[in-house]
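Residue numbers (the working numbering): 32 to 246.
Every residue gets a Cβ at the ideal spot worked out from N, C-alpha and C, and that includes glycine.
The model shown is predicted, which means the values in this text are computed figures rather than measured ones.
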């Protein structure tokens, strides 16, 4: 709490965390330690006092530490309402695997961003007030990238199944997002199993004219 209330300490750490600073990695750990105050009130204070700086951190921190931050509900809800952080996670998922010597690193980052998206959606499923804005902003489109993966450390199909149970009106788009995925991918297989609109049962209605008279 002493560091939290210091007028210079936290701002100094925020300013030092950049891609060009060789000490950025070490300073990230120091700052993240401050973010994990045991008291919820202290974490809330961090968001209120350093909201703009917090956005900068979430945009620059190693994706592994981004996930660690999002384990705390205060920071998770902040991220869910921050367009730039949502965009960073989505772009991280879309980052292609690199067949060169950096392939392992690229796979590491992609897996971290996949986990970040899963954390966001899992939380949103439990609270529809957070799920609906994500869907409205097109975030369901990340299903395409999950459906194209040849390997996943976690199965996202049950998560998307629950989302579509809550919002069945998105089934058509979800099917479109996942139609190119390999059959062995659970998310792709689920999307491809959804019936086309044209094959869904149709209802026939009989219209009666109230003004009609019996002959």
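Distances from the CA of residue 164 to each of 97, 114, 93 were compared; the closest alpha carbon is that of 114. Contact between the segment 167-185 and the segment 200-210 is present: three or more C-beta pairs spanning the two stretches fall below 8 Å. Minimum Cα-Cα distance from residue 152 among the listed residues 139, 80, 222, 108 corresponds to 108. For the set 112, 136, 80, the Cα lying nearest the Cα of residue 154 is the one of 112. Of all alpha-carbon atoms in 110, 136, 145, the one lying nearest the alpha-carbon of residue 125 is that of 145.
Within its own chain, the residues whose Cβ lies closer than 7 Å to the Cβ of residue 95, once the five positions on either side in sequence are excluded, are 143, listed in chain order. Between residue 101 and residue 63, the C-beta spacing is not below 8 Å. Residue 121 and residue 90 have their C-alpha atoms some 12 Å from each other. Taking every protein chain shown into account, the CB of residue 214 has fewer than 16 other CB atoms within 10 angstroms, so this residue is exposed.
Residue state for residue 203 is assigned as helix, using DSSP reduced to three classes. Here residue 189 is exposed. Its C-beta has fewer than 16 other C-beta atoms within 10 Å. Around residue 212, the same chain offers 178, 179, 219 as residues with beta carbons nearer than 6 Å, after the five sequence neighbours per side are excluded. The shortest CA-to-CA distance from residue 159 to any of 98, 195, 227, 93 is the one to 195. Looking at 140, 227, 136, 216, the one whose alpha-carbon comes closest to that of residue 175 is 216. Residue 179 carries a coil assignment under DSSP once its states are collapsed to helix, strand and coil.
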